[in-house]
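Numbers 98 to 694, taken from our numbering, label the letters of the sequence shown in order. Everything below concerns the one structure shown next.
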Amino acid sequence: MNNGKPNWWSRPSSAPEAARIPTPSPADAGDGDFPLPAPQPSPGQEPADPTAPAAAPGAPAAEPFATEPTEPVAADSGQAAGPPAPEAAPAPAVELTKTGPAAEPAVELTETAPEPAAVPPAEPVPAAAPVPAEAQAPAPQAPQPLHTPDEYRTPPYGEPGPWAPAPPVQRPPAVVPPHPHPQPHPQPQVHAHPHPQPQGGAAPWVQYDPWSAPGTGAPPLPPKKSRKGLAIAAALAFALVTGVIGGGIGAYVERNGGITTVELPQADAGDTGRAPDSVAGIAASALPGVVTLHVRGNGSSGTGTGFVLDDKGHILTNNHVVDGAASSEDISVTFSSGETARAKLIGKDTGYDLAVVQVTGVSGLKALPLGNSDNVRVGDPVVAIGAPFDLSNTVTSGIISAKERPITAGGEKGDGSDISYVDALQTDAPINPGNSGGPLLDSKARVIGINSAIRAAGGGSGEGEGGSASQPGSIGLGFAIPINQGKRVAEELINTGKATHPVIGVSLDMQFQGDGARVGEKGKDGSASVTAGGPAAKAGLRPGDVITKVDGQRVHNGEELIVKIRAHRPGDELELTLSRDGKELTKTLTLGSSQGT
Numbered sequence: 098m099n100n101g102k103p104n105w106w107s108r109p110s111s112a113p114e115a116a117r118i119p120t121p122s123p124a125d126a127g128d129g130d131f132p133l134p135a136p137q138p139s140p141g142q143e144p145a146d147p148t149a150p151a152a153a154p155g156a157p158a159a160e161p162f163a164t165e166p167t168e169p170v171a172a173d174s175g176q177a178a179g180p181p182a183p184e185a186a187p188a189p190a191v192e193l194t195k196t197g198p199a200a201e202p203a204v205e206l207t208e209t210a211p212e213p214a215a216v217p218p219a220e221p222v223p224a225a226a227p228v229p230a231e232a233q234a235p236a237p238q239a240p241q242p243l244h245t246p247d248e249y250r251t252p253p254y255g256e257p258g259p260w261a262p263a264p265p266v267q268r269p270p271a272v273v274p275p276h277p278h279p280q281p282h283p284q285p286q287v288h289a290h291p292h293p294q295p296q297g298g299a300a301p302w303v304q305y306d307p308w309s310a311p312g313t314g315a316p317p318l319p320p321k322k323s324r325k326g327l328a329i330a331a332a333l334a335f336a337l338v339t340g341v342i343g344g345g346i347g348a349y350v351e352r353n354g355g356i357t358t359v360e361l362p363q364a365d366a367g368d369t370g371r372a373p374d375s376v377a378g379i380a381a382s383a384l385p386g387v388v389t390l391h392v393r394g395n396g397s398s399g400t401g402t403g404f405v406l407d408d409k410g411h412i413l414t415n416n417h418v419v420d421g422a423a424s425s426e427d428i429s430v431t432f433s434s435g436e437t438a439r440a441k442l443i444g445k446d447t448g449y450d451l452a453v454v455q456v457t458g459v460s461g462l463k464a465l466p467l468g469n470s471d472n473v474r475v476g477d478p479v480v481a482i483g484a485p486f487d488l489s490n491t492v493t494s495g496i497i498s499a500k501e502r503p504i505t506a507g508g509e510k511g512d513g514s515d516i517s518y519v520d521a522l523q524t525d526a527p528i529n530p531g532n533s534g535g536p537l538l539d540s541k542a543r544v545i546g547i548n549s550a551i552r553a554a555g556g557g558s559g560e561g562e563g564g565s566a567s568q569p570g571s572i573g574l575g576f577a578i579p580i581n582q583g584k585r586v587a588e589e590l591i592n593t594g595k596a597t598h599p600v601i602g603v604s605l606d607m608q609f610q611g612d613g614a615r616v617g618e619k620g621k622d623g624s625a626s627v628t629a630g631g632p633a634a635k636a637g638l639r640p641g642d643v644i645t646k647v648d649g650q651r652v653h654n655g656e657e658l659i660v661k662i663r664a665h666r667p668g669d670e671l672e673l674t675l676s677r678d679g680k681e682l683t684k685t686l687t688l689g690s691s692q693g694t
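In structure tokens form, the structure reads like this:
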């Protein structure tokens with residue numbers, strides 16, 4: 098049969114080669130390494146009789162599919178061939194023989210050259226009658242193999258010998274229900290490609306048969322699941338992760354200029370102390386003695402600054418800071434440490450715009466040292482401390498811009514009773530609303546002024562916080578009450594609750610447009626403009642005199658004359674230069690005293 102398979106597996110074994118094959122025991126005959134399936138009868142064919150005698154060794158077996166008789170083969174010994182068997186069939190295309198226990202067991206699967214006649218599948222063929230062993234002719238001598246026998250039984254011939262069939266393709270066994278009783282051994286069935294039936298329920302290893310036809314043999318393996326989608330998903334995930342990592346690394350490298358940790362140079366920890374005359378040294382020394390005041394009353398509230406005068410809790414500030422308080426319960430004091438206490442009003446004076454409050458029950462108070470404002474020179478460095486816009490403990494610095502600046506502040510009441518006249522120190526240290534009442538310090542952290550007023554942009558004649566200024570805020574024009582004046586007023590307020598004002602005993606014409614301060618013809622209430630027995634009357638001043646100088650300093654109007662007089666204490670002597678009827682006269686007088694409000 099030529100179906101594309103090699104011919105080596107159809108060559109019969111020679112007698113010497115068959116003798117080398119070990120004889121299995123009868124018990125193991127059906128359980129060999131390559132069990133052959135029992136032949137199954139074709140439809141309409143009678144099964145072979147298991148009790149029929151086995152064919153003699155070397156005799157051909159009956160071919161159930163034979164359709165034509167074949168010629169007998171003469172024996173090599175010269176004996177006459179036996180009578181032909183009835184209905185003898187030609188040599189089978191596939192012959193399966195098994196010897197009895199008396200001879201060497203051999204299993205042969207041979208293929209002869211003649212092709213069997215085609216048998217219609219629908220017409221069964223009766224089995225040939227068995228031929229007695231004594232009637233059969235001796236077995237013809239087997240032809241010599243085309244190849245030298247393989248002494249070592251190497252593949253692809255396999256066990257048990259080089260001329261044995263190739264190992265059959267192993268198939269998974271079908272599930273066979275167990276039998277309660279042993280069944281008789283079935284007759285072998287001839288197949289073009291015999292395959293052993295595995296015994297038991299365990300599936301044997303499957304061997305690939307390269308000559309098996311498609312669709313035959315082992316059942317088709319289940320189709321493998323496509324891993325293309327999984328591979329694409331894994332590739333996308335990998336690309337995403339690497340992209341994120343790469344982007345992060347790139348951004349880090351671009352931002353830091355490399356992949357190393359960036360360490361910026363920094364100065365070592367050094368001495369944190371500062372020189373006492375530096376701004377930092379002045380601030381560190383003065384801040385513990387500066388307080389922030391919060392005042393409520395009369396439907397309004399405000400914030401200002403003050404500083405401690407002594408260890409008894411007296412605090413100096415501006416009058417306009419505490420003027421709105423109806424009682425002492427409306428004044429709250431906060432120290433730089435954060436401690437808060439209630440303060441009571443000791444005294445105030447509108448003309449000087451100064452007030453003193455006192456706190457009790459507070460320990461560790463630090464009083465600020467007081468300087469001398471007469472020693473201040475223009476250009477001296479100064480430091481201002483306050484709470485501008487309620488930002489407590491704010492430190493600013495600048496210089497003394499000018500001295501003896503005559504300024505007036507207040508005047509909201511309209512009758513002039515709340516107007517303050519200050520011969521002020523001008524500074525460019527930033528001062529804003531909330532700085533009022535705070536200290537102006539020199540280079541030795543001594544108080545030389547009390548910050549009180551500012552000049553606002555576009556404000557005309559409006560000075561002071563809360564005045565007629567159209568745009569409050571620092572423009573570098575700040576004014577402070579000289580501490581020499583503040584010290585005298587504070588002492589009077591602490592000791593008597595009232596402050597005294599120096600006076601000369603005249604009524605001034607505030608409407609005079611000329612240069613200087615003119616003594617009026619009449620007083621406000623129609624009385625004499627020069628007080629009888631007063632300092633001016635004793636010095637010889639008359640109504641209509643124009644005072645142009647005080648101690649040699651020019652005055653241009655009545656307000657400036659008041660400021661110059663208020664800058665002195667009662668009892669001080671002043672030298673006045675005046676003009677009378679076109680003549681310049683000099684008069685000396687001693688300042689009197691009046692009770693302030």
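C-beta: ideal position from N, C-alpha, C; glycine also. As the structure is a computational prediction, the values presented were derived from the model and not from experiment.
For Thr-674, the closest alpha carbon among the candidates Thr-683, Gly-668, Pro-667 and Arg-666 is that of Thr-683. Per the Cβ contact rule, the segment 418-430 is in contact with the segment 389-397 (3 or more Cβ pairs under 8 angstroms). One alpha carbon belongs to Thr-389, the other to Ile-659, and they sit about 31 angstroms apart.
By the C-beta density criterion, Val-475 is exposed, having fewer than 16 other C-beta atoms within 10 angstroms. Secondary structure remark: continuous alpha helix (DSSP H) runs of at least 4 residues inside the segment 566-605, in chain order: 580-593. Residue range 655-663 is occupied by the alpha helix (DSSP H) that includes Glu-656, with no beta strand (DSSP E) assigned at that position.
Here the segment 495-505 does not lie against the segment 445-465, with fewer than 3 beta-carbon pairs under 8 angstroms apart.
Residue environment: Ala-587 is assigned as buried (16 or more neighbouring CB atoms within 10 Å of its CB, all protein chains considered). Residue Ala-372 holds the alpha-carbon nearest to the alpha-carbon of Lys-541 among Ala-372, Ala-336 and Ala-331. Note on geometry: alpha-carbon atoms of Leu-638 and Asn-416 lie some 34 angstroms from one another. Scanning Ile-580, Ser-549 and Ile-591 for the CA closest to the CA of Ser-571 turns up Ser-549. Taking 8 angstroms as the cut-off, the beta carbon of Asp-642 is found closer than this to the beta carbon of Arg-677. Distance between Val-418 and Gln-608, taken at the CA atoms: about 31 angstroms. Three or more beta-carbon pairs separated by less than 8 angstroms are not found between the segment 361-375 and the segment 454-473, which leaves the two stretches without contact. When C-alpha distances from Val-492 are compared across Ser-517, Gly-535, Gly-631 and Lys-463, the shortest belongs to Gly-535. By the neighbour-count definition (other C-beta atoms within 10 Å, threshold 16), Ala-328 is an exposed residue. Arg-352 is bridged by DSSP to nothing; it lacks a bridge partner. Nearest neighbour of Arg-663 by Cα position, chosen from Gly-326, Ile-528, Asn-581 and Phe-486, turns out to be Asn-581. Restricting attention to alpha helix (DSSP H) runs no shorter than 4 residues, the segment 415-488 encloses them at 416-419, ordered along the chain.
Taking C-beta separations shorter than 7 angstroms and ignoring five residues to either side along the sequence, the partners of Gly-611 in its chain run Val-643, following chain order. Secondary structure note for Pro-632: its alpha helix (DSSP H) is the uninterrupted segment 632-636. Around the CB of His-653, fewer than 16 other CB atoms lie within 10 Å, so the residue is classed as exposed.
Using a C-beta cut-off of 8 angstroms, the segment 520-528 makes no contact with the segment 449-462, since fewer than three inter-stretch Cβ pairs fall below that distance.
For Ile-379, same chain residues with a beta-carbon under 6 angstroms away, outside a window of 5 residues either side, are Val-480, Leu-538 and Ala-542 in chain order. The shortest CA-to-CA distance from Ala-381 to any of Gly-458, Leu-465, Leu-361 and Asp-408 is the one to Leu-465. Judged by DSSP secondary structure, Ile-379 falls outside any beta strand (DSSP E) and instead within the alpha helix (DSSP H) spanning 376-383.
Residue pairing by DSSP places Ile-551 opposite Gly-575 in a beta bridge. When the five nearest sequence neighbours on each side are left out, the beta carbons in the same chain lying within less than 7 angstroms of the beta carbon of Thr-687 are those of Pro-632, Gly-668 and Glu-670, in order along the chain.
Rounded to the nearest angstrom, the Cβ distance from Val-627 to Gly-602 is 7 angstroms, consistent with a contact under 8 angstroms.
By the CB criterion at 8 angstroms, Gly-531 and Gly-386 fall outside the cutoff. By the neighbour-count definition (other C-beta atoms within 10 Å, threshold 16), Glu-360 is an exposed residue. The Cβ-Cβ distance between Ala-526 and Ser-489 does not fall below 8 angstroms. Straight across, the Cα-Cα distance linking Lys-463 with Ile-504 is about 31 angstroms. Approximately 20 angstroms separates the beta-carbon atoms of Asn-529 and Pro-478; this is outside 8 angstroms, ruling out the contact. In terms of CA proximity to Thr-358, Tyr-349 leads the group Tyr-349, Ala-366, Val-459 and Ala-332. The Cβ atoms of Lys-595 and Gly-693 sit closer than 8 angstroms to each other.
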